[in-house]
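Asker: Numbering (UniProt numbering), first residue to last: 1 to 418. Here a beta-carbon is modelled for each residue, glycine too, at the ideal position from N, C-alpha and C.
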Amino acid sequence: MFGLSLPTVPFLPFLSGRSSSAENEPLVLDCDSVEEIGRELDALREQTLASLGDEDREYLYRIIKAQRGFEIAGRGLLFVGFLPPAWVAGVAALSVSKILDNMEIGHNVMHGQYDWMREPSLNSRVFEWDTVCPSDQWRHSHNYVHHTYTNILGQDRDIGYGILRMDPAQKWHPYYLGNPVYATALMFLFEWGVMMHDAEVDRIVAGKRSWRDVIPISKGWWHKAGRQVVKDYIAFPLLSGPMFVPTLLGNVTANLVRNVWAYSIIFCGHFPSGVQSFTEEETAEETRGEWYVRQMLGSANITGSPLFHIMSGNLSHQIEHHLFPDLPAHRYPELAPKVRELCEKHGLPYNTGGLTAQVTSVWKKIFKFALPPGWLAPEPESQVIIQRHRSTDRRLDDAGTLADDTIEGVEHGGKIRA
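#1: How would you call K345, buried or exposed, if buried means at least 16 neighbouring beta carbons within 10 angstroms?
#2: Starting from H317, follow its DSSP beta bridges and name the residues at the other end.
#3: Tell me, which residues are paired with F278 by DSSP?
#4: Take the Cβ of P85 as the centre, count every other Cβ of all protein chains shown within 10 Å, and call the residue buried at 16 or more, exposed below.
#5: Ignore the nearest five residues each way along the sequence and tell me which others in E71's own chain have a CB closer than 7 Å to its CB.
#6: Would you check if the distance between the CB atom of V126 and the CB atom of L60 is smaller than 9 Å?
#7: Taking DSSP's pairing of strands, which residues face L27 in a bridge?
#8: Tell me, which residues are paired with T352 by DSSP?
#9: Can you name the start and end residues of the alpha helix (DSSP H) that D158 belongs to?
#10: Considering Cα atoms alone, identify which of I366, G374, G76 and S316 is closest to L164.
#11: Would you call F369 buried or exposed, if buried means 16 or more other Cβ atoms sit within 10 Å of its Cβ?
#12: Tell me whether A206 is buried or exposed, calling it buried when 16 or more other Cβ atoms sit within 10 Å of its Cβ.
#13: Using the rule of at least 16 other Cβ atoms within 10 Å of the residue's Cβ for burial, across every protein chain shown, is H330 buried or exposed?
#14: Going by DSSP, what residue range makes up the alpha helix (DSSP H) through L186?
#15: I need the boundaries of the alpha helix (DSSP H) containing G76, first residue and last residue.
#16: For L153 and F271, which I take to be in contact (beta-carbon distance under 8 Å), what is that distance rounded to the nearest angstrom?
#17: Nearest to W363 by alpha carbon, out of H142, R68 and Y182?
#18: Report yes or no: do the segment 307 to 314 and the segment 322 to 336 share at least 3 C-beta pairs separated by less than 8 Å?
#19: Please name the residue in E285, I99 and S273 whose C-alpha comes closest to that of N351.
#20: Using the Cα positions of E281 and Q387, report the straight-line distance between them to the nearest angstrom.
#21: Return the chain-ordered list of same chain residues with a C-beta closer than 6 Å to the C-beta of D232, the five sequence neighbours on each side being excluded.
#22: Taking all protein chains shown into account, decide if R118 is buried (16 or more other Cβ within 10 angstroms of its Cβ) or exposed.
#23: What three-state label does DSSP hand N123 in the structure shown?
#24: Let me make sure I understand the geometry here. Which of Q137, G76 and W172 has the alpha-carbon closest to that of G241?
#25: By Cβ distance, which residues of its chain are closer than 7 Å to residue 419, with the 5 residues on each side in sequence left out?
#26: I believe Q47 touches L100 by the beta-carbon criterion, under 8 Å. Please report the beta-carbon distance rounded to the nearest angstrom.
#27: Report the three-state DSSP secondary structure of W363 (helix, strand or coil).
#28: Just checking my contact of M187 with C133 at CB under 8 Å: how many whole Å lie between their CB atoms?
#29: Suppose you measure from the CA of residue 438 to the CA of L376; what does that come to, to the nearest Å?
#30: Excluding sequence positions up to five away, which residues of its chain have a Cβ less than 8 Å from the Cβ of A336?
#31: So, helix, strand or coil for W221, using DSSP?
#32: For T131, which residues of its own chain have a beta-carbon under 6 Å away from its beta-carbon, when the five flanking residues on both sides are left out?
#33: To the nearest angstrom, report how far apart I204 and V275 are at their CA atoms.
#34: Quick one: what does DSSP say R118 is sitting in, helix, strand or coil?
#35: My guess is that V91 and A254 are in contact by the Cβ rule of under 8 Å, so how many angstroms apart are they, rounded?
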């Protein structure tokens, strides 16, 4: 059956994943509107930067204090892990500590969101987090590659993370029948998958990259992952003496909880129905406004309580994060209504929904894109068409700075990942 063009399977309608917006005629966004969006978002960013101060500093210090408190409580409770309630409470506290460290502190600090504080220990270039991925490698694969080339097929390696088929434009292969299995493994081992991201194992398998190219970054893995393994799985269990096994199991469980949570939040921000992807040709020599529009079309939010947003590192506001990755993430809730109003003004979709709905949408796609394309009804190829014409305008150069250049006349639209 592999490689054959098969008719649509009528008993798989639940995998179609179409949104109501995908069934409408594509929106055509003229270039003047695109550049107006760029100017308005630039102004919003500058207003926020100008207002940063003591409240933002104190917010981060409170989060760090809470994170350390949960870690001390968690590790202390595991010392009396022979009592089941103490073990459960210890695992819960340690899980919260690791989630806060990775998402609301580590991820955001390493984006440079708090570099303005001039706090050496919170500088984005030197900060290390409680996970196996070296921070310098993460800053390259995430801060640079992902945030520069968000949802550009062939450039943004976060589309599928090199192992999953998450977009209809990715060519199907029998390998992808294992999509749900690979996704589940990635969920439980997420910190290790993030660590391996820069290795580009899929390119090694395809013969486009040599294992020798991995040697320089593997040294970083050895040092960082080695320290993490010793800390969580050897040192603290040994310190607990006769509670070695309960402490070891508690640390393993806390890391698994953190992995599953981080995976779920991140996938809900990037892969639910309605997000769009783009080609390299469509995004060549982007203007600032076009870059902003791509970020909005390629991201999704998750609704929830203030506590939920803190526990997600405010990546529940993924749209705002992609627009303003270097602004303190706790400001995203106040920016979100303004961004949504701007989208409504120009008729752009603002993809948001509850955690259950977004998680369900993501897993539907994981199963759907495991199947040969011929098994499913064809999906609409474009949701928003961006008009571009020949004019001298500002664009982003390879270094991410603005430059003047001439833009070729073209209409382009991203492919909807329904």
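Answerer: Straight from the coordinates:
#1: On the sequence shown, residue 345 is found 345 positions in, with the first residue counted as 1. By the neighbour-count rule (16 or more Cβ atoms within 10 Å), K345 is not buried but exposed.
#2: Here residue 317 refers to the residue found at position 317 when the sequence shown is read from its first residue. Note: H317 sits in a beta bridge opposite N301.
#3: For the purposes of this step, residue 278 is taken as residue 278 along the sequence shown, with counting starting at 1. When DSSP reads this structure, F278 sits in a beta bridge with I152.
#4: Against the sequence shown, residue 85 aligns to sequence position 85. Exposed, by the Cβ-count rule.
#5: As a position in the sequence shown, residue 71 is number 71, starting the count at 1. Counting only Cβ-Cβ distances below 7 Å, and skipping sequence neighbours, we find L94 and S97.
#6: As a position in the sequence shown, residue 126 is number 126, starting the count at 1. As a position in the sequence shown, residue 60 is number 60, starting the count at 1. Contact flag unset, no.
#7: Walking along the sequence shown from the start, residue 27 turns up at place 27. For L27, which the question treats as bridged, DSSP gives the partners V384.
#8: Here residue 352 corresponds to residue number 352 of the sequence shown, with the count starting at 1. According to the DSSP secondary-structure assignment, T352 is paired through a beta bridge with N301.
#9: Numbered from 1 along the sequence shown, position 158 holds the residue referred to as residue 158. That residue, D158, is in no alpha helix (DSSP H); it is neither H nor E in DSSP.
#10: What you label residue 164 is simply residue 164 of the sequence shown in a count that begins at 1. Considering only I366, G374, G76 and S316, the residue with the shortest C-alpha distance to L164 is I366.
#11: Taking the first residue of the sequence shown as 1, we reach residue 369 at position 369. The residue is buried, with at least 16 neighbouring Cβ atoms inside 10 Å.
#12: The residue given as residue 206 occupies position 206 in the sequence shown. Looking at its Cβ environment, which holds fewer than 16 other Cβ atoms inside 10 Å, A206 is exposed.
#13: Along the sequence shown, one-based indexing puts residue 330 at 330. With 16 or more other CB atoms across the displayed protein chains lying within 10 angstroms of its CB, H330 is buried.
#14: Taking the sequence shown and counting its residues from 1, the one referred to as residue 186 is at position 186. N179 to F188 is the extent of the alpha helix (DSSP H) around L186.
#15: Counted from its first residue, the sequence shown places residue 76 at position 76. Segment D54 to L78, the alpha helix (DSSP H) holding G76.
#16: Translated into the one-based positions of the sequence shown, residue 153 becomes position 153. Translated into the one-based positions of the sequence shown, residue 271 becomes position 271. For a cut-off of 8 Å, the C-beta gap from L153 to F271 is around 14 Å, too long to register as a contact.
#17: Position 363 of the sequence shown, counting from 1, holds the residue named residue 363. Checked all of H142, R68 and Y182; the closest Cα to W363 is Y182.
#18: Enough Cβ pairs lie closer than 8 Å, so yes.
#19: For the purposes of this step, residue 351 is taken as residue 351 along the sequence shown, with counting starting at 1. The candidate whose alpha carbon is nearest that of N351 is S273.
#20: Numbered from 1 along the sequence shown, position 281 holds the residue referred to as residue 281. Numbered from 1 along the sequence shown, position 387 holds the residue referred to as residue 387. Cα-Cα distance, rounded: 14 Å.
#21: Numbered from 1 along the sequence shown, position 232 holds the residue referred to as residue 232. Sequence-distant Cβ neighbours of D232 in its own chain, meaning closer than 6 Å and more than five residues away, are N251.
#22: Your numbering for residue 118 matches position 118 in the sequence shown. In summary, R118 is exposed, with fewer than 16 beta-carbon neighbours lying within 10 Å of its beta-carbon over all protein chains present.
#23: Here residue 123 is taken as the residue at index 123 of the sequence shown, counted from 1. When DSSP states are grouped into helix, strand and coil, N123 belongs to the coil group.
#24: In the sequence shown, the residue the question calls residue 241 occupies position 241. Closest option to G241, Cα to Cα, is G76.
#25: Shown here, the chain extends from 1 to 418; a query on residue 419 therefore has no answer.
#26: Here residue 47 refers to the residue found at position 47 when the sequence shown is read from its first residue. Here residue 100 refers to the residue found at position 100 when the sequence shown is read from its first residue. Rounded to whole angstroms, the Cβ separation of Q47 and L100 is 28 Å, and the two are not in contact under 8 Å.
#27: One-based indexing of the sequence shown puts residue 363 at position 363. Look at W363 here: in three-state DSSP terms it is helix.
#28: Locating residue 187 in the sequence shown gives position 187, where the first residue counts as 1. Locating residue 133 in the sequence shown gives position 133, where the first residue counts as 1. Not confirmed; about 16 Å, so no contact.
#29: The question about residue 438 has no answer here: the residues shown for the chain are numbered 1 through 418.
#30: Taking the first residue of the sequence shown as position 1, residue 336 is located at position 336. Close CB contacts of A336 within its chain, under the 8 Å cut and outside five residues either way in sequence, are with N301, H317, I319 and E320 (chain order).
#31: Indexing the sequence shown from 1 puts residue 221 at position 221. DSSP places W221 in the helix class (H, G or I) of the three-state scheme.
#32: Mapped onto the sequence shown, residue 131 falls at position 131. Answer for T131: N102 and E191, listed in chain order.
#33: As a working mapping, residue 204 is identified with position 204 in the sequence shown. As a working mapping, residue 275 is identified with position 275 in the sequence shown. I204 and V275: Cα-Cα distance of roughly 29 Å.
#34: Residue 118 sits at position 118 when you count from the first residue of the sequence shown. R118 carries a coil assignment under DSSP once its states are collapsed to helix, strand and coil.
#35: By one-based count along the sequence shown, residue 91 stands at place 91. By one-based count along the sequence shown, residue 254 stands at place 254. About 5 Å; that satisfies the 8 Å criterion.
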